[in-house]
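A.B. asks: Before I ask anything, here is the structure I am working with.
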Amino acid sequence: MSVEIANYASILIELAKAVKMHNFYPEGHPSLDSALTKAYLQLKKCIDLQGEIKWRLDQKGFYDGKTPVAPGNAEGAALAKRLFFRKIKELTFTPSVSMHDLRVLLSIIKAEPEEVAAKGGVEVMFATLDVEGILLNELRYEDLRRLKAELQRQKEEEERAAAEARKQEEDAAGASSAAQEEEPKDKPDEESNDTSLKELLGRATKESDLLKYNDLAVRIREKLDPLLAEKDIERVYPALMTFYAHAVPSSGKTDGIRATALEKLKSLLTSDILAYLAVKAGAKENQQRGATQSILVYSGDPGAEALLDAIIEAPEAATRRHLFNALVRFGSRLRPLAEARLGHPAWFVCRQMVSLLGDVGGQEALPALEAAYRHEEPRVKKEVMKSLVKIGTPRAAAFLIEKLREEDPSLMAQAIISLGMLKDPASIEPLAEIASKRENFSDLMESQKEAVKALGIIGDGKAVPHLVKILFRKVWFGRKANDELRLLAALSLGMIGTPEALKAVREASSWAAGELQTACKRVLDGREKTT
Numbered sequence: 011m012s013v014e015i016a017n018y019a020s021i022l023i024e025l026a027k028a029v030k031m032h033n034f035y036p037e038g039h040p041s042l043d044s045a046l047t048k049a050y051l052q053l054k055k056c057i058d059l060q061g062e063i064k065w066r067l068d069q070k071g072f073y074d075g076k077t078p079v080a081p082g083n084a085e086g087a088a089l090a091k092r093l094f095f096r097k098i099k100e101l102t103f104t105p106s107v108s109m110h111d112l113r114v115l116l117s118i119i120k121a122e123p124e125e126v127a128a129k130g131g132v133e134v135m136f137a138t139l140d141v142e143g144i145l146l147n148e149l150r151y152e153d154l155r156r157l158k159a160e161l162q163r164q165k166e167e168e169e170r171a172a173a174e175a176r177k178q179e180e181d182a183a184g185a186s187s188a189a190q191e192e193e194p195k196d197k198p199d200e201e202s203n204d205t206s207l208k209e210l211l212g213r214a215t216k217e218s219d220l221l222k223y224n225d226l227a228v229r230i231r232e233k234l235d236p237l238l239a240e241k242d243i244e245r246v247y248p249a250l251m252t253f254y255a256h257a258v259p260s261s262g263k264t265d266g267i268r269a270t271a272l273e274k275l276k277s278l279l280t281s282d283i284l285a286y287l288a289v290k291a292g293a294k295e296n297q298q299r300g301a302t303q304s305i306l307v308y309s310g311d312p313g314a315e316a317l318l319d320a321i322i323e324a325p326e327a328a329t330r331r332h333l334f335n336a337l338v339r340f341g342s343r344l345r346p347l348a349e350a351r352l353g354h355p356a357w358f359v360c361r362q363m364v365s366l367l368g369d370v371g372g373q374e375a376l377p378a379l380e381a382a383y384r385h386e387e388p389r390v391k392k393e394v395m396k397s398l399v400k401i402g403t404p405r406a407a408a409f410l411i412e413k414l415r416e417e418d419p420s421l422m423a424q425a426i427i428s429l430g431m432l433k434d435p436a437s438i439e440p441l442a443e444i445a446s447k448r449e450n451f452s453d454l455m456e457s458q459k460e461a462v463k464a465l466g467i468i469g470d471g472k473a474v475p476h477l478v479k480i481l482f483r484k485v486w487f488g489r490k491a492n493d494e495l496r497l498l499a500a501l502s503l504g505m506i507g508t509p510e511a512l513k514a515v516r517e518a519s520s521w522a523a524g525e526l527q528t529a530c531k532r533v534l535d536g537r538e539k540t541t
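To convert, take the position in the sequence shown, counting from 1, and add 10; that gives my numbering.
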């Protein structure tokens, strides 16, 4: 098996695991985030080394050209089948792929095929959700940009249609008024003026005639005006959800009705409404969270600003996670807004913005993240290191390597952990230098342990000689600490898995005792089962 195919198989397996986690855990769960990050880093590392990855797929699996990727892997085959039923026959990961792109792909895989079709297909969903680093089927960058432009043009046409519908409403209202003046005053009204807002919304949902829908929309808005004046937004919320449901392509409504619903929805998105929706988006129990988030995303920067205000004020972690997920949907559009808040006086706000930039900022966010590292709060500095891993460029690796010289042991440890997750071969020598030091200070020992583990996670054969020296190293003082390092070295050599690495573990197993011998045997037994 070639190196490329082996790497592709690893990526596919990690993607399949992430999909499984996405189906099992709710959005924002740490296990889901961990699986997604692992899949992304594996993917990004391979792309950085080999360039873009293009796979064909059918109901049986994935292929690099004509060569199967991870043949016999049941989860990979199941993933291919799900994508195939969503009209995806070719998948291309480009160097600009981001965590946001991967999240969108997973959400499409999780959605039912009918739901994807109702939203216009995967290509339209990618264009709508600002995916830039993943291409589908024969889609090219130019096609994606053209599709985005087409969607924008369609939006403008809908707004024009809404304006025309509004003019028709005004003309119809004028004609109706004139007709009423000619009728006897004692003639009973066809409908009561006291029709409730709930009843009007129900009738609008069932209505398929444009003129009648326009009339209902006007009457609904008349009912809403007093509520808006009193800022009774709780009672306005059902109308927002109704107009949104009628405006989306999956509603089954005619283009004219969708245009009217969109125009009415847009007219309601005041700053008070957006602030209310932002709070709703973070509420623990909100069955319409997806629709609420979509309205905020549709509103653009004002919606993002409302969500940023809400996440700053949110007291509970679960609420902040829901709001964070909503903000990530804005994609790269969020970057300048998050960067603008990095100077907030509260350290936890700065940390939150740093985390957001890691998810959506891309390489353009690197200067802002590097500047944010100058914050005096260590927790902000650690978050910067975590975000740099998500961006994953050589510049990010160089920045993290520089932070290995931090005097604060906790910052040094985070730099080591981040470099391990980044899997950049350039970090092997600096990490090996830390791992091989012989000082027995407790703070340094923790950093040494993390460095040994990071070398295994990176998985590059260049680390083997350094780990072998640690595995066979004997000391007179500090034996317990040294034995812990040797045990970790054995496990890391097993993770690398080259013949040289396994030879060293096999030799150590012949004379080792206690926990070290157990670790060596576990490594060798595990390798035998997978070969």
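We put the beta carbon where it would ideally sit given N, CA and C, even for glycine.
So, helix, strand or coil for D369, using DSSP?
C.D. replies: Of the three classes helix, strand and coil, the one that applies to D369 here is helix, per DSSP.
A.B. asks: Beta-carbon within less than 6 Å of M109's beta-carbon, same chain only, minus the 5 sequence neighbours each way: which residues are those?
C.D. replies: Closer than 6 Å at the Cβ level, and outside the excluded window around M109, lie Y50, D369 and K400.
A.B. asks: Are there 16 or more other CB atoms within 10 angstroms of the CB of T541, so buried, or fewer, so exposed?
C.D. replies: Caution is warranted here: a pLDDT of 45 is assigned to T541, below 50, making its placement in the model unreliable, and the coordinate value is therefore given only provisionally. By the 10 Å Cβ count, T541 comes out exposed.
A.B. asks: Going by CA-CA distance only, name the one from T252, A320 and F340 that's closest to A301.
C.D. replies: Of T252, A320 and F340, the residue nearest in Cα terms is T252.
A.B. asks: Which of the three DSSP states, helix, strand or coil, is assigned to E240?
C.D. replies: E240 falls in the coil class under three-state DSSP.
A.B. asks: Does the beta-carbon distance from I480 to A464 come in below 7 Å?
C.D. replies: No, the Cβ-Cβ distance between I480 and A464 is not below 7 Å.
A.B. asks: Run through DSSP, which three-state label would R331 get?
C.D. replies: In the structure shown, R331 sits in a helix (DSSP, three-state: H, G or I).
A.B. asks: Inspect the CB distances between the region 376-395 and the region 432-440 and report whether three or more fall short of 8 Å.
C.D. replies: Too few Cβ pairs lie closer than 8 Å, so no.
A.B. asks: Taking its Cβ as the centre, do 16 or more other Cβ atoms sit within 10 Å of W65, making it buried, or is it exposed?
C.D. replies: By the 10 Å Cβ count, W65 comes out buried.
A.B. asks: Within 10 Å of its beta-carbon, does G212 have 16 or more other beta-carbons around it, so buried, or fewer, so exposed?
C.D. replies: G212 is exposed by the Cβ-count criterion.
A.B. asks: Can you tell me where the beta strand (DSSP E) with D74 in it begins and where it stops?
C.D. replies: Per DSSP, D74 belongs to the beta strand (DSSP E) from F72 to D74.
A.B. asks: Could you give the residue range of the beta strand (DSSP E) that holds K64?
C.D. replies: I63 to L67 is the span of the beta strand (DSSP E), which, as asked, contains K64.
A.B. asks: Based on Cα-Cα distance, which residue from L46, L379 and D493 lies nearest to Q527?
C.D. replies: For the residues L46, L379 and D493, the minimum Cα distance to Q527 belongs to D493.
A.B. asks: Compute the distance between the beta-carbons of L250 and A288, then report whether it is under 7 Å.
C.D. replies: No; because the gap between Cβ atoms is not below 7 Å, this pair is not in contact.
A.B. asks: Using the rule of at least 16 other Cβ atoms within 10 Å of the residue's Cβ for burial, across every protein chain shown, is D219 buried or exposed?
C.D. replies: Exposed, since its Cβ has fewer than 16 Cβ neighbours within 10 Å.
A.B. asks: Do A511 and C530 have their CB atoms nearer than 7 Å?
C.D. replies: No; because the gap between Cβ atoms is not below 7 Å, this pair is not in contact.
A.B. asks: Under a CB-based cut-off of 7 Å, is S218 close to chain B?
C.D. replies: Considering every chain present, this structure includes no chain B. It has just one protein chain.
A.B. asks: Between which residues of its own chain and A88 is the CB-CB distance below 8 Å, once the five residues before and five after are set aside?
C.D. replies: Closer than 8 Å at the Cβ level, and outside the excluded window around A88, lie A26.
A.B. asks: Go ahead and label S304 buried or exposed: buried means 16 or more other beta carbons lie within 10 angstroms of its beta carbon, across all protein chains shown.
C.D. replies: Answer is buried; the Cβ neighbour count reaches 16.
A.B. asks: Assuming the contact rule is C-beta atoms closer than 8 Å, A19 and V79 should be a hit. Round their C-beta distance to whole Å, please.
C.D. replies: About 6 Å separates the two Cβ atoms, so the contact holds.
A.B. asks: Around the Cβ of E374, are there at least 16 other Cβ atoms within 10 angstroms (buried) or fewer (exposed)?
C.D. replies: So E374 ends up on the exposed side.
A.B. asks: Tell me whether P78 sits in a helix, a strand or coil according to DSSP, three-state version.
C.D. replies: DSSP places P78 in strand when its eight states are reduced to three.
A.B. asks: Which residues mark the beginning and the end of the alpha helix (DSSP H) in which T102 is found?
C.D. replies: T102 -> not in any alpha helix (DSSP H); beta strand (DSSP E) instead, spanning E100 to F103.
A.B. asks: In three-state DSSP terms, what is L146?
C.D. replies: It is a strand residue.
A.B. asks: Given this structure, state the Cα-to-Cα distance separating R532 from G504, to the nearest angstrom.
C.D. replies: One C-alpha to the other measures close to 9 Å.
A.B. asks: Out of F482, Y247, E273 and E443, which has the shortest C-alpha to C-alpha gap to V258?
C.D. replies: Per the Cα distances, E273.
A.B. asks: Take the Cβ of K513 as the centre, count every other Cβ of all protein chains shown within 10 Å, and call the residue buried at 16 or more, exposed below.
C.D. replies: Exposed, because fewer than 16 other Cβ atoms sit within 10 Å of the Cβ of K513.
A.B. asks: Would you call L221 buried or exposed, if buried means 16 or more other Cβ atoms sit within 10 Å of its Cβ?
C.D. replies: Exposed, since its Cβ has fewer than 16 Cβ neighbours within 10 Å.
A.B. asks: According to DSSP, is V307 part of a helix, a strand, or is it coil?
C.D. replies: If DSSP states are grouped into helix, strand and coil, V307 belongs with the helices.
A.B. asks: Note down, one range per segment and in chain order, each beta strand (DSSP E) of at least 3 residues found wholly within the region 92-138.
C.D. replies: The qualifying runs are 100-103.
A.B. asks: Reducing DSSP to helix, strand and coil, say where D219 ends up.
C.D. replies: Three-state result, D219: coil.
A.B. asks: In whole angstroms, give me the CA-to-CA distance for P377 and M422.
C.D. replies: Distance between the alpha carbons of P377 and M422: 21 Å.
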